[in-house]
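Before any comments, here is the structure.
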Amino acid sequence: MKLRIYVTLKPGVLDPQGKAIEHALTGLGFPGIEGARVGKLIELEVADSTDDAQIDAMCRQLLANTVIENYRVERA
Amino acid sequence: MKTAVVVFPGSNCDRDLAVALEEVTGKKPEMVWHGDTALPDGVGLIAVPGGFSYGDYLRSGAMAARSPIMRAVADKAGAGVPVLGVCNGFQILTEAGLLPGALMRNAGLDFVCRDVALTVDTAQTAFTRRYAAGETIKVPVAHHDGNYVADQETLDRLEGEGRVAFRYAEEVNGSARRIAGILNDAGNVLGMMPHPERRIEAAHGGTEGRRLFEGLLDLVA
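This is how it looks when you write it as structure tokens:
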């Protein structure tokens, strides 16, 4: 089974990389850039028997730092 | 005092720490590999060095925090043994849950590598007892991810409980409340971004870092 795990910064956590991207796009002349946030996409290949609790544990223990990040799991 | 320096693949300040510890204690520290599962018996200080452990993959310190030796570090920390994490070591200790908060990319996005002025916030800790509260010292920093982040409640608690050991006396990396180094609730784990081990001898440009190690030595000798 293929999993897509999206790791994103929590709202309110300052994202200097996102800010730099926002400024760069504006600098390139694209109008209406109102914000940018940088996250990660992790693609995992796991056994079909892997249950939700295990996937959640993987996210909490390693893939996301829940002090600053949220995660969302998609089954591809 | 018996000391230990944990070495991860990609650590690059392990030797600096080893030299500092040997100069201050008169004994070579034990270098402990990340894949080991035990620390030396009777170890009086565990140092977690700077560098780019595991190439900073996933997040700075994330992989190192889950390596086998860190269980032993957590056990010793729980038993009250002083643990010092410098730079990447601070990142590793937060990722391991031994210290609260997280270290994010510097607000200016630049890698900052220079001497910075630090204020000693409290002298009432095992690590800062040879300093005076409010004293300003110069210590080098060299990091890309030193921007300390925690929720307001955590920041208030750190300040209220005297667990902010060092603050930047100037703007460096966007850290919340200019925090440069913090302690755990028991006071035996310190994480800091600046490098005290690079300020040990006059030839380094100053010896302000030396007192941190000397203070620990007094305490556990």
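Protein chains in written order, with my numbering: chain A, 1 to 76; chain B, 1001 to 1221.
Cβ atoms here follow ideal geometry from the backbone N, Cα and C, with glycine treated the same way.
Nothing here was measured: the structure is a model prediction, and the numbers come from that model.
Quiz item: Which bits of chain A does glutamate 1022/B rub up against, with CB to CB less than 7 Å?
Solution: Per Cβ cutoff of 7 Å: no residues; glutamate 1022/B is ~34 Å from chain A at best.
For this session: Give the straight-line distance between the Cα atoms of glutamate 1197/B and alanine 1176/B, rounded to the nearest whole angstrom.
Result: 24 Å
Output yes if chain A places a C-beta closer than 8 Å to the C-beta of methionine 1104/B; else output no. yes
Point to revise | Spatial distance of alanine 1107/B from glutamine 1152/B (CA atoms) | key: 18 Å
Exercise. Can you give the beta carbon distance from glycine 1026/B to alanine 1126/B, rounded, assuming they're within the 8 Å contact cut?
Worked result: Rounded, the Cβ-Cβ distance is 19 Å, inconsistent with contact.
Quiz prompt | For methionine 1104/B, the residue or residues it bridges with in DSSP | solution = Asn1147/B
* Asked: Who are the neighbours of valine 62/A on chain B, taking C-beta pairs under 8 Å?
  -> Note on residue identity: the sequence assigns leucine, not valine, to residue 62/A. Neighbours of leucine 62/A on chain B, chain order: Leu1058, Ala1062 and Arg1066.
Quiz item: Taking the runs of the beta strand (DSSP E) that are 3 residues or longer, which of them lie wholly in the segment 1179–1217 of chain B?
Solution: 1179–1183 and 1189–1192
* Since glycine 1010/B meets chain A, which of its residues come closer than 9 Å, beta carbon to beta carbon? -> None at all; the shortest Cβ gap to chain A is about 17 Å.
- prompt: From what residue to what residue does the alpha helix (DSSP H) around arginine 1157/B run?
  reply: 1152–1160
Sequence-distant residues of the same chain with beta carbon closer than 8 Å to threonine 1154/B, five excluded per side:
Pro1100 and Gly1101
Cutting at 6 Å between CB atoms, please list the residues of its own chain near leucine 25/A, excluding the five before and the five after it.
Ile33
Buried or exposed: tyrosine 1235/B, going by 16 or more other Cβ atoms within 10 Å of its Cβ?
Because chain B is modelled from 1001 through 1221, residue 1235/B falls outside the range shown and cannot be assessed.
Residue of Val1164/B, Val1024/B, Ala1047/B and Glu1022/B minimising C-alpha distance to alanine 1004/B: Ala1047/B
Note to self: Can you check whether the C-beta of alanine 1107/B is within less than 8 Å of a C-beta belonging to chain A?
What the structure shows: yes
As assigned by DSSP and simplified to three states, the class of tyrosine 1054/B:
helix
- Simplified DSSP assignment, three categories, for aspartate 51/A: coil
**Asked** Helix, strand or coil: which one does DSSP assign to glycine 1080/B?
**Response** coil
| request: Flag this pair as yes or no: are the beta carbons of phenylalanine 1213/B and alanine 1077/B separated by less than 8 Å? | output: no
- Between the beta-carbon of lysine 1120/B and the beta-carbon of phenylalanine 1166/B, is there less than 8 Å? It is valine, not lysine, that sits at residue 1120/B in the sequence shown. Result yes, Cβ atoms of valine 1120/B and phenylalanine 1166/B sit closer than 8 Å.
message = Please list the terminal residues of the continuous alpha helix (DSSP H) segment that includes valine 1019/B.
response = 1014–1025
Run through DSSP, which three-state label would valine 67/A get? coil
- Assigned secondary structure, lysine 2/A (DSSP; H/G/I helix, E/B strand, else coil): strand
Margin query: Would valine 1172/B and valine 1112/B qualify as a contact pair, given that the criterion is a beta-carbon distance under 8 Å?
Written below: yes
On a Cα-Cα basis, can you pick out the residue from Gly1191/B, Asp1014/B and Ala1117/B that is closest to glycine 1206/B? Ala1117/B
Check: Is any beta-carbon of chain A found at less than 8 Å from that of valine 1149/B?
Finding: yes
Problem - Spatial neighbours of alanine 1142/B in its chain, beta-carbon cut-off 6 Å, leaving aside the 5 residues before and after - result: Cys1113
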